[in-house]
Structure formats: C-alpha cells, structure tokens
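Undergrad: This note's numbering puts the sequence shown at residues 41 to 278. Once you've had a glance at the structure underneath, I'll fire off some questions.
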Amino acid sequence: MKRIAIRLITTAALLACAGTAMAQATAPQELRNVVQLSATGTVEAQQDLLVVTLATSKEGTDASAVQAQLKQALDAALAEAKRNAQPGQLDVRTGPFGLYPRYAKDGKINGWQGRAELVLEGRDFSRITTTAGKVQTMAISQVAFALSREARAKVEGEAQTQAIEQFKSRAAELAKGFGFANYSLREVAVNSNEMSPGPRPRMMAMEAKGSSFSDSAVPVEAGKAQVVVTVSGSVQMR
C-alpha cells in the first residue's frame, strides 16, 4: 500500500510540473514597442440623390373606414407617381402604413387615426418635384438629399486612399520619433460614413385639411456631403 501511495504522489507531482510547463509555454507574450493610431480621409461630393416623402393622415371613429380612406389616398398617389416613374431617375415606393387607436381620458378607445407614406427617390430632381406637386391626395412631409451608391463608391475610394496614406505616414513618423528604423503592420480596421455638413435635410409641414394643392414643382437645392473613411489599428515598431 505504501508503494502505491508513493507512486500516486510521484505521478501527481509530474502532472503538476507538466501543467506548469505547458502554461508557461502557452502564456501570451508581452507586447512591446506596439503603438495604436488612426487616420482619416475626407472627400466632399455634390449630393445627387433626392428623396421626397409624401404623407397623409386620417382619423375617425371606425377603424375600417379610416383604413379605407388611407388606402384610397395611397392608391391615387401611387397611380399618379408611377406615370412618371423611371428607374434611377424616379423610383417610387410605399413607406409606413399604420393605424392606431385614439384613447379618451378614461383610457377607452374613442377613435382611430392612421398615416400612410409614399416615397419618391432618384436623380432627376425636376421629375421628382413636379410629380410630387401633381399628387392631390398627399402632401409633402419631408425633403432630403444624399449621395447615390455610385457617387458614394467613387469618393469613398478616394477617401480611403487618403486615410491609408496618412496612416502609413503617421506610423513612420512615430517609429522614427521613438528611435526605431521601421515598423510593421499588426492589425487594421477600415470604417466609412457619410456626413452632411450645414443645415439638416429640409423638413416641410404637411398641408392642412381642405387646403388647395399645386401641381407646380417644389423648389429644392442640393448641398454637398462628406464621405469620411477612418483607418485605425496598431503597428509594431522595430
């Protein structure tokens, strides 16, 4: 029995030593001479995409009647908009369509209200605004500008090149400043976003009930957007 006990103790000791050796072998090495940095590239471009949102609101005591009124208004607006639709120049799509209960002070439902939206989007500003003016059953709720996918892709490449070159330049300067001859890239992340400097997209109040509609084009003027690409990561100075 004593021999068995001695063997068990010896085996446990060997396993403990082996575990310690493996832990030391797999322990992560301490990072030294590594610096974190980031750089950005910014390119400004003319906004070439117009988004006009048309909307109408209805209310009443009967839910089905309110829903029917919203549908009728949306169907008429769709029919008018589709007459002038052209892929890329004027694309037509429906927006949110919702019906919600209206509550009295006692917490009981005393009516219903709903809202429907139609979105006109594209590069032909004149076609879009003229079409929006011809829609009789909906009023303009919002006007916004943006960059098209093609325009954004073009300037995004330019901004990315700027950011990468700036990142490399800063990395070289930092390495030299700390007394190293060069550096190597460890990890890097690239992110991009679009910014619209200046005033926010123009918001327009909906027409009041009973007011007349005009089929003239709504005056709009696009601004410029900035595409910003950020390159961040770490380098090993050596």
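Glycine included, each C-beta is placed from N, C-alpha and C at the ideal position. Predicted model only: the values in this text are computed from it and were never measured.
Give the straight-line distance between the Cα atoms of Leu118 and Met178, rounded to the nearest whole angstrom.
TA: Cα to Cα, the separation comes out at about 10 Å.
Undergrad: Count the other CB atoms within 10 Å of the CB of Gln87; is the residue buried (16 or more) or exposed (fewer)?
TA: When all chains shown are included, Gln87 counts as buried.
Undergrad: Which residues mark the beginning and the end of the beta strand (DSSP E) in which Thr80 is found?
TA: Val74 to Gln86 is the extent of the beta strand (DSSP E) around Thr80.
Undergrad: What residues match up with Arg155 in a beta bridge as DSSP calls it?
TA: Beta-bridge pairing links Arg155 to Ser97 and Gly138.
Undergrad: Exposed or buried, what is Arg192 when buried is set at 16 or more other beta-carbons lying within 10 Å of its beta-carbon?
TA: Classification of Arg192: buried, given that the 10 Å Cβ count is 16 or more.
Undergrad: Closer than 7 Å by C-beta to Ala103: which residues in its own chain qualify, once you throw out the five before and the five after it? Chain order, please.
TA: Leu139 and Trp152.
Undergrad: Looking only at DSSP bridge pairs, what is Asn231 linked to?
TA: Paired residues: Thr270.
Undergrad: Rank Leu71, Leu77 and Arg72 by C-alpha distance to the C-alpha of Ser274 and give the top, closest one.
TA: Measuring from the Cα of Ser274, the nearest candidate turns out to be Leu77.
Undergrad: Can you tell me which of the three DSSP states Leu187 falls into?
TA: Leu187 falls in the coil class under three-state DSSP.
Undergrad: Excluding the five sequence neighbours on either side, which residues of its own chain have a C-beta within less than 8 Å of the C-beta of Glu227, listed in chain order?
TA: Cβ neighbours of Glu227 beyond the five flanking positions: Gly273 and Ser274.
Undergrad: Taking its Cβ as the centre, do 16 or more other Cβ atoms sit within 10 Å of Val106, making it buried, or is it exposed?
TA: Val106 is buried by the Cβ-count criterion.
Undergrad: Between the Cα of Val74 and the Cα atoms of Tyr223, Glu161, Ala262 and Ser188, which residue gives the shortest distance?
TA: The candidate whose alpha carbon is nearest that of Val74 is Tyr223.
Undergrad: Rounded to whole angstroms, what's the CA-CA distance from Asn150 to Thr101? Just pull it up for me.
TA: C-alpha separation (whole angstroms): 7 Å.
Undergrad: Pull up the DSSP beta-bridge partners for Ser224, would you.
TA: Paired residue(s): Gln276.
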